[in-house]
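Visitor: Here's a structure for you.
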């Protein structure tokens, strides 16, 4: 890997040097538009930043080539994305899990509509409403302290972002999907607004976006590979065997609606703004699954095929609906006093919400002996006598889930800046902000089981068509029998709580209480910083202090009795930062930085709720969260070298190291002669989230971007964008020793070949996200991993007139599935899900 990096570095340096020598022949008066303009704006933002930042800017017509914001910033150095059902969702920066990032909208913390986590699902945001996305990897003191990996700031569009006083842009497209030809995905957006007044001092801009994607995915999901499983004869060639195989037919409708608006006024000494953003993401899923459990395999001599003596067949149907929304209003402004003083101020109100009503049914039966074949990575297992008929599958369980969560946040901030008399950009700055958050989550999941023998029923008369689960490469599985959603819903209606659907009171009570919490989290922050410009050297130093006050309540469940419980916590974090920028010439920038940041615990980890069980006389088992958790704290060292050798061209290298204290784990421990709830016990067995010792992350980044304008004729339209990130991370787990960080990929790289000349603009982009640990098990063979994910996309656009453009896009052109595996062994597959290719054609209008 080190050799590959050296080769890449050498190649980039040679290309950059050649470009610099040829740049003198380029006409500097050429008007840059389209993709080149987008890339040049992003590079200028990076160059002028006080800290270390990467930027993804929207192009001229407001169209982003990816499905959502997560996929847009995946193309930046050091950014890895977790995909869900074929779409990017969660973002890890420089090997740090997504729940430890900071997320802001126009500088205000967004919060999170999801229940117990802090990781923002970025597929909720419509990227077409944004001017740019900023990923700050080294922050100055005026930015929020949350964000060990980085802070992702979403910047909305305003009327002052456009060159002309009036702007109107619209984009509409329709798609074709390889696995679901009957439903065409559609996307569209419109932006309209302008500047008016005698001096164009007023600006108004309105935007709206919509996307609807109804699609199918096919999957195979085995569970619980166990190397310790005894073999009756022979031995499994893979070194382990799972407990089951599951085939899935998922049909999803994902709808995304976004609206934004901005009203700005720019005067001689004061600028004011009022902005609003609303984004709603809905997901309506039909999840059909066939599951075959097996055990006691007698292996053939090859260790790849065999016969399982005991088995169980299950047919499941889950109908799942989820709706997540963000509503934000922001107001503020800037006042300039004389030539030296500037005051910035703002306030925001953000409301996040999630609702998730779901239903699921399960039928089971015994099909007898099962033949298994592990020759291929996606192995096969099938009953010797064929799958069970619907009449042989008896009803087992029904669950009705109804979960909801809300989050309301008020934020206020003010900053005072004074310019200093020396240097081009020397200043001192101080300010503060307040964030007041109320968050609650209410989980409910009623569970019903089968009745006594006279009242039991089967799948007969309730089944649907067989499904051919096409995994690609000629490999197919048959999901049979399926459950007809209309028939089973009609049959269930009016019967809940009766003799055929018997309420499981203890399970339902547990499901209705243990995940519930209500939280107040108030953060009061202040900072002071100075930027001292000495010409070729500039120093930015600052200190931020954040005081966090937390109050959280939940419920304990003990012997069928629910008891309210609560906890409080107050803590203060001092967050220094120092950035030294060296500019020996106009086109080179070196940065050396130290900074400290924090990552607050997950809400579910903070909740004091849980279970209490009296296992034996004098012994108690307690499983709860922990309101007393400390936040993660990270000290980071960074160094970068940036060469801006041409307009829109950059060659950069960076190295970083993060030293993280107080990581959080779920830990088990025993207290003798302890007290709980005012009662003393001989032994108390605790399972609780606690702070552990430390972890560290080190890495290297490289990026190169250029259009080859020095080449002759049509070749001058070509350009490339390359990036590479290498990461190594260690986390000390008190139960397991040293492990990787979850979501940390050791290798990230991307390559884009683009073309812009005359009326044609095109690009082909490839991105590789390396395998990453997902979760740490109790033993190493239970660790869960994401496998490598490779993404190839392409687009081409042609300008029909100066105002009309037609385009076509292709996504996931290699038909790449998402894969997960267990225990660090890549053929211990736990997920292989296929989504197929998607193609779009559309038209864009711009005035």
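In my numbering, the protein residues as written are -4 to 842. Cβ atoms here follow ideal geometry from the backbone N, Cα and C, with glycine treated the same way.
Ignoring anything shorter than 3 residues, give me the beta strand (DSSP E) runs that lie fully in the stretch 138 to 208, in order along the chain.
Guide: Runs found: 146 to 151, 161 to 172 and 181 to 191.
Visitor: In the DSSP assignment, find the unbroken beta strand (DSSP E) run with residue 316 in it and report its ends.
Guide: That run of the beta strand (DSSP E) goes 300 to 332.
Visitor: Counting only runs that start and end within the stretch 349 to 412, where is the beta strand (DSSP E) found for 3 or more residues in a row?
Guide: Listed in chain order, the complete beta strand (DSSP E) runs (minimum 3 residues) inside the stretch 349 to 412 are 365 to 368 and 375 to 378.
Visitor: Quick test of the definition: if touching needs 3 or more C-beta pairs under 8 Å, does the stretch 170 to 185 touch the stretch 206 to 213?
Guide: The stretch 170 to 185 is in contact with the stretch 206 to 213.
Visitor: For residue 598, which of helix, strand or coil comes out of DSSP?
Guide: Residue 598: helix per DSSP, three-state reduction.
Visitor: Contact check, residue 218 vs residue 237 under 8 Å by CB: the rounded distance?
Guide: Right, the Cβ-Cβ distance comes to about 6 Å (below 8 Å), so this counts as a contact.
Visitor: With residue 718 as the anchor, note down where its beta strand (DSSP E) starts and where it stops.
Guide: First-last of the beta strand (DSSP E) with residue 718: 713 to 728.
Visitor: Between 466, 699, 580 and 462, which has its C-alpha nearest residue 283's C-alpha?
Guide: Residue 462 is the option with its Cα nearest to residue 283.
Visitor: Return the CA-CA distance between residue 18 and residue 640, expressed in angstroms with no decimal places.
Guide: For residue 18, the pLDDT reaches just 40, beneath the cut-off of 50, and the residue's location in the model is therefore unreliable, although a value from the coordinates is still provided. Spanning the two alpha carbons is a distance of roughly 8 Å.
Visitor: With 7 Å as the threshold, decide whether the Cβ of residue 793 is near any Cβ in chain C.
Guide: The structure shown has no chain C; it contains just one protein chain.
Visitor: If we count the other Cβ atoms within 10 Å of its Cβ and call it buried at 16 or more, is residue 493 buried or exposed?
Guide: Counting Cβ neighbours within 10 Å, residue 493 comes out exposed, since fewer than 16 surround it.
Visitor: Looking only at its chain, what residues have a beta carbon closer than 7 Å to the beta carbon of residue 130, apart from the 5 residues adjacent to it on each side?
Guide: Closer than 7 Å at Cβ, skipping near neighbours: 48, 49, 68, 71, 74, 88, 145 and 147.
Visitor: Return the residue from the list 335, 230, 498 and 394 that minimises the CA-CA distance to residue 311.
Guide: If we check each option's Cα against that of residue 311, 394 comes out closest.
Visitor: Going by beta-carbon coordinates alone, are residue 597 and residue 113 separated by less than 7 Å?
Guide: Yes.
Visitor: Do residue 600 and residue 550 have their C-beta atoms within less than 7 Å of each other?
Guide: Taking 7 Å as the Cβ cut-off, residue 600 and residue 550 do not qualify as a contacting pair.
Visitor: Could you tell me whether the stretch 361 to 368 touches the stretch 291 to 307, where touching means 3 or more Cβ pairs closer than 8 Å?
Guide: As far as the Cβ criterion goes, the stretch 361 to 368 touches the stretch 291 to 307, which means the pair count is three or higher.
Visitor: Compute every distance between the C-beta of residue 546 and the non-hydrogen atoms of the ligand MG, then say whether any falls below 6 Å.
Guide: No copy of the ligand MG occurs in the structure displayed, which carries no ligand at all.
Visitor: Between the Cα of residue 826 and the Cα atoms of 836, 373, 652 and 345, which residue gives the shortest distance?
Guide: It is 373 whose Cα lies nearest to the Cα of residue 826.
Visitor: May I have the straight-line CA-CA distance separating residue 196 from residue 631, to the nearest angstrom?
Guide: Those two C-alpha atoms are separated by around 42 Å.
Visitor: Between which two residues does the beta strand (DSSP E) containing residue 821 stretch?
Guide: It spans 820 to 829 - the beta strand (DSSP E) in which residue 821 sits, taken as one unbroken run.
Visitor: With burial defined as no fewer than 16 other Cβ atoms inside 10 Å of the residue's Cβ, what is the status of residue 471: buried or exposed?
Guide: Label assigned to residue 471: exposed.
Visitor: Could you give the residue range of the alpha helix (DSSP H) that holds residue 65?
Guide: Per DSSP, residue 65 belongs to the alpha helix (DSSP H) from 64 to 68.
Visitor: Under a three-way DSSP split, which group does residue 657 fall into?
Guide: Three-state result, residue 657: coil.
Visitor: Give a yes or no on whether the C-beta atoms belonging to residue 535 and residue 586 are separated by under 7 Å.
Guide: For residue 535 and residue 586, no; Cβs fall outside 7 Å.
Visitor: Using 8 Å as the Cβ pair cut-off and three pairs as the minimum, do the stretch 572 to 588 and the stretch 615 to 624 touch?
Guide: Flag = no, the stretch 572 to 588 and the stretch 615 to 624 do not touch.
Visitor: How do the stretch 407 to 422 and the stretch 491 to 510 stand: do at least 3 beta-carbon pairs fall below 8 Å, yes or no?
Guide: Not touching, per the Cβ criterion.
Visitor: Starting from the Cα of residue 708, find the closest Cα among 734, 644 and 753 and give me that residue.
Guide: Checked all of 734, 644 and 753; the closest Cα to residue 708 is 753.
Visitor: Considering only the alpha carbon of each residue, which of 813, 835 and 836 lies closest to residue 78?
Guide: Taking only the C-alpha atoms, the option nearest residue 78 is 813.
Visitor: Run through DSSP, which three-state label would residue 38 get?
Guide: If DSSP states are grouped into helix, strand and coil, residue 38 belongs with the helices.
Visitor: According to DSSP, is residue 463 helix, strand or coil?
Guide: Strand.
Visitor: Do residue 645 and residue 683 have their CB atoms nearer than 7 Å?
Guide: No, the Cβ-Cβ distance between residue 645 and residue 683 is not below 7 Å.
Visitor: Taking C-beta to C-beta, are residue 170 and residue 835 nearer than 7 Å?
Guide: Yes, these two residues count as a Cβ contact at 7 Å.
Visitor: Within a Cβ cutoff of 7 Å, which residues of the same chain sit near residue 499, ignoring the five residues on either side of it in sequence?
Guide: These residues qualify, in order along the chain: 442, 443 and 444.
Visitor: Check the DSSP bridge columns for residue 790 and list the partner residues they point to.
Guide: Residue 790 is bridged to 758 and 804.
Visitor: Grab me the residues of residue 331's own chain with a C-beta within less than 6 Å of its C-beta, minus the 5 sequence neighbours each way, in chain order.
Guide: So the list reads 264 and 337, once near-sequence residues are dropped.
Visitor: Just grab the DSSP bridge partners of residue 236 for me.
Guide: Paired residues: 221.
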